[in-house]
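Enquirer:
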Amino acid sequence: MKRIMTAALGAAIIATPAFAEYPERAITMVVPFSAGGPTDTVTRLVAESMSKDLGQQIVVENVGGAGGTLGAGKVAKADADGYTLLLHHIGMATSATLYRKLAYDPLNAFDYVGLVTDVPMVIVARPNFEPADLKGLIEYVKANKDKVNYANAGIGAASHLCGMMFMSAIETKLTAVPYKGTGPALTDLMGGQVDFMCDQTTNTTNQIKEKKIKAYATTTAKRLDALPDVPTAGEGGLPGFQVGIWHAVYAPKGTPKAAIDKLSAALQKALKDPNVVERFASLGTVPVTQEEATPAALEAKLKSEIARWKPVIESAGEYAD
Ligand code: MLT
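The sequence shown begins at -10 in this note's numbering and counts up by one.
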């Protein structure tokens, strides 16, 4: 009976003239990490541009903690009325394996709006870190594994995933210092309170250029136009050490299709916005294609990424609980 009532209510929402005017008020877009970090940076750029098309403000709300799963969990439980959204990254896929007691099912708790961008990562260190290059960093880290520490944004974060891959690649276990986002982690890195981290170029490009931190290697097949002097990890002796942090927009499961369609159209327009394209390029990334900024593309990406990372995480043997 409840299912029939829900379906009827859903149909009624779509049919009512009021809904045809969606959105009629401000929308909240949750970032599951601290303000000032890479996920926050991407979100604010995209949200500002989407607001122009939707005619309503998109208010960014930072809900950090537990590698992005607290913020994602909040949106999973939100009303499915089109007024609460989530912008999250690859952590939506990796958390499915990392957290064996996740408060939501990544494959059933959300409707999909579309993919946004795929951001490279870069291994960076405090400005006075001794090693001169990636080879030297690996030697130093192995020789000082009980002293050296690295920052991440909690189990499930992109910085955690890259750190886990790095430790597997050099066969050395290191101490992680978890933050609620790599915004605050970067502040400590610049201050020398933590030794190194693997973070997204959307958070570190400017600080690398201003020499406030040292950059050792990017996780890309070829050097980035935004950071032409930073070698790839392959050049530094870690061939195949590549990872891209894809970001996407989600809504709570049951959000009316009329809302999803308007949101996906607004996202596609935002990804062609010259300001978004230019700011992304200056931070080492590019928007996805219009076809990727669709619900179907995101659903396919999430399913394939959960399957891809499951064995990698299981072989590393690091779980959140
Ligand atoms: C991550 O490590 O997942 C992100 O860089 C965290 C953030 O956006 O602050």
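Here a beta-carbon is modelled for each residue, glycine too, at the ideal position from N, C-alpha and C. These numbers were taken from a predicted model, which means no experiment stands behind them.
Is residue 316 a contact residue of the ligand MLT, with contact defined as CB to any heavy atom under 7 Å?
Expert: No answer is possible for residue 316: it lies beyond the span of the chain, which begins at -10 and ends at 310.
Enquirer: Applying the criterion that 16 or more other CB atoms from any shown protein chain within 10 Å of the CB defines a buried residue, is residue 238 buried or exposed?
Expert: Along the sequence shown, one-based indexing puts residue 238 at 249. Looking at its Cβ environment, which holds 16 or more other Cβ atoms inside 10 Å, residue 238 is buried.
Enquirer: Does the beta-carbon of residue 6 have 16 or more other beta-carbons within 10 angstroms, so that it is buried, or is it exposed?
Expert: To locate residue 6, count along the sequence shown from 1; it is residue 17. Residue confidence for residue 6 is low, a pLDDT of 49 falling below 50, so the modelled location carries little weight; the figure read from the coordinates is stated next. Exposed is the call here.
Enquirer: Would you identify the three-state DSSP class for residue 167, choosing helix, strand or coil?
Expert: The residue given as residue 167 occupies position 178 in the sequence shown. It is a strand residue.
Enquirer: Whole alpha helix (DSSP H) runs in the region 121 to 193 with 4 or more residues, listed along the chain?
Expert: You should have 123 to 132, 147 to 159, 171 to 180.
Enquirer: Residue ranges of each alpha helix (DSSP H) run of no fewer than 4 residues wholly in the region 214 to 289, ordered along the chain?
Expert: Within the region 214 to 289, the complete alpha helix (DSSP H) runs of at least 4 residues are 246 to 259, 263 to 271.
Enquirer: Can you tell which of 168, 10, 112, 263 has the C-alpha that lies nearest to the C-alpha of residue 71?
Expert: In the sequence shown, residue 71 corresponds to position 82, counting from 1. Closest option to residue 71, Cα to Cα, is 10.
Enquirer: Below 8 Å between beta carbons: does that hold for residue 286 and residue 294?
Expert: For the purposes of this step, residue 286 is taken as residue 297 along the sequence shown, with counting starting at 1. For the purposes of this step, residue 294 is taken as residue 305 along the sequence shown, with counting starting at 1. For residue 286 and residue 294, no; Cβs fall outside 8 Å.
Enquirer: I'd like to confirm something about residue 189: is its beta-carbon nearer than 7 Å to some heavy atom of the ligand MLT, or not?
Expert: The residue labelled residue 189 in the question sits at position 200 within the sequence shown. Flag set: Cβ of residue 189 near the ligand MLT.
Enquirer: Would you identify the three-state DSSP class for residue 100, choosing helix, strand or coil?
Expert: Here residue 100 is taken as the residue at index 111 of the sequence shown, counted from 1. Correct three-state label for residue 100: strand.
Enquirer: Among residues of its own chain, excluding the 5 on either side of residue 130, which ones have a beta-carbon nearer than 6 Å to its beta-carbon?
Expert: Translated into positions along the sequence shown, residue 130 becomes position 141. Excluding positions up to five away in sequence, the list reads 137.
Enquirer: Measuring only from the beta carbon, is residue 306 closer than 7 Å to any heavy atom that is part of the ligand MLT?
Expert: The residue given as residue 306 occupies position 317 in the sequence shown. Not so, every heavy atom of the ligand MLT lies at least 7 Å from the Cβ.
Enquirer: Comparing C-alpha positions only, which one of 42, 242, 166 sits nearest to residue 141?
Expert: As a working note, residue 141 is residue 152 in the sequence shown. Checking every option, the nearest Cα to that of residue 141 belongs to 166.
Enquirer: Could you say if the region 146 to 166 and the region 252 to 266 meet the contact criterion of at least three C-beta pairs nearer than 8 Å?
Expert: Contact fails: fewer than three Cβ-Cβ distances are below 8 Å.
Enquirer: Which runs of the beta strand (DSSP E) spanning at least 3 residues fall entirely within the region 49 to 80, listed in chain order?
Expert: For the region 49 to 80, whole beta strand (DSSP E) runs of length 3 or above, ordered along the chain, are 73 to 77.
Enquirer: Is the CB-CB distance between residue 175 and residue 196 below 8 Å?
Expert: Counting from one through the sequence shown, the residue named residue 175 turns up at place 186. Counting from one through the sequence shown, the residue named residue 196 turns up at place 207. Going by C-beta atoms, residue 175 is nearer than 8 Å to residue 196.
Enquirer: Pull up the DSSP beta-bridge partners for residue 39, would you.
Expert: As a position in the sequence shown, residue 39 is number 50, starting the count at 1. According to DSSP, residue 39 bridges with nothing at all.
Enquirer: Are residue 62 and residue 93 closer than 8 Å when you measure CB to CB?
Expert: The count along the sequence shown starts at 1 and reaches residue 62 at position 73. The count along the sequence shown starts at 1 and reaches residue 93 at position 104. A contact, by the Cβ cut-off of 8 Å.
Enquirer: Do residue 215 and residue 271 have their beta-carbon atoms positioned less than 8 Å apart in this structure?
Expert: Counting from 1 along the sequence shown, the entry for residue 271 is found at position 282. Counting from 1 along the sequence shown, the entry for residue 215 is found at position 226. Yes, they are a contact pair.
Enquirer: Measure the C-alpha to C-alpha separation of residue 78 and residue 162 and round it to an integer number of angstroms.
Expert: The residue given as residue 78 occupies position 89 in the sequence shown. The residue given as residue 162 occupies position 173 in the sequence shown. Each residue's Cα considered, the two are about 25 Å apart.
Enquirer: Nearer than 7 Å: is that true of the beta carbon of residue 23 relative to any heavy atom of the ligand MLT?
Expert: Indexing the sequence shown from 1 puts residue 23 at position 34. Yes, the Cβ of residue 23 comes within 7 Å of a heavy atom of the ligand MLT.
Enquirer: Buried or exposed: where does residue 259 fall if 16 or more other Cβ atoms within 10 Å of its Cβ makes it buried?
Expert: To locate residue 259, count along the sequence shown from 1; it is residue 270. Result: buried.
Enquirer: Taking 7 Å as the cut-off, does the CB of residue 148 come closer than this to any heavy atom belonging to the ligand MLT?
Expert: Residue numbering aside, residue 148 sits at position 159 when the sequence shown is read from its first letter. Checking every heavy atom of the ligand MLT against the Cβ of residue 148, one is found closer than 7 Å.
Enquirer: Looking at the unbroken beta strand (DSSP E) that takes in residue 203, where does it start and where does it end?
Expert: Taking the first residue of the sequence shown as position 1, residue 203 is located at position 214. Element bounds for residue 203: 203 to 207.
Enquirer: Within 7 Å: the Cβ of residue 27 and any heavy atom of the ligand MLT?
Expert: Walking along the sequence shown from the start, residue 27 turns up at place 38. Answer for residue 27: yes, Cβ within range of the ligand MLT.
Enquirer: Taking only beta-carbon positions, decide if residue 39 is within less than 8 Å of chain C.
Expert: Among the chains in the structure shown there is no chain C, since it carries only a single protein chain.
Enquirer: Sorted by chain position, which residues of the same chain lie with C-beta nearer than 8 Å to residue 30's C-beta, five sequence neighbours on each side aside?
Expert: In the sequence shown, counting from the first residue as 1, residue 30 sits at position 41. Taken in chain order, the residues that qualify are 191, 192, 272.
Enquirer: Closer than 7 Å to a non-hydrogen atom of the ligand MLT - does that hold for the CB of residue 97?
Expert: Against the sequence shown, residue 97 aligns to sequence position 108. Not so, every heavy atom of the ligand MLT lies at least 7 Å from the Cβ.
Enquirer: Does residue 29 come out as helix, strand or coil in the three-state DSSP assignment?
Expert: The residue given as residue 29 occupies position 40 in the sequence shown. Reduced to three states, the DSSP call for residue 29 is helix.
Enquirer: Who pairs with residue 107 in a beta bridge, going by DSSP?
Expert: Here the question's residue 107 lines up with position 118 in the sequence shown. In the DSSP output, where bridge partners are listed per residue, residue 107 has 235.
Enquirer: Would you call residue 182 buried or exposed, if buried means 16 or more other Cβ atoms sit within 10 Å of its Cβ?
Expert: Position 193 of the sequence shown holds residue 182. Classification of residue 182: exposed, given that the 10 Å Cβ count is below 16.
Enquirer: Could you give the distance in angstroms between the alpha-carbon of residue 301 and the alpha-carbon of residue 146?
Expert: Along the sequence shown, read from residue 1 onward, the residue named residue 301 stands at position 312. Along the sequence shown, read from residue 1 onward, the residue named residue 146 stands at position 157. Cα to Cα, the separation comes out at about 15 Å.
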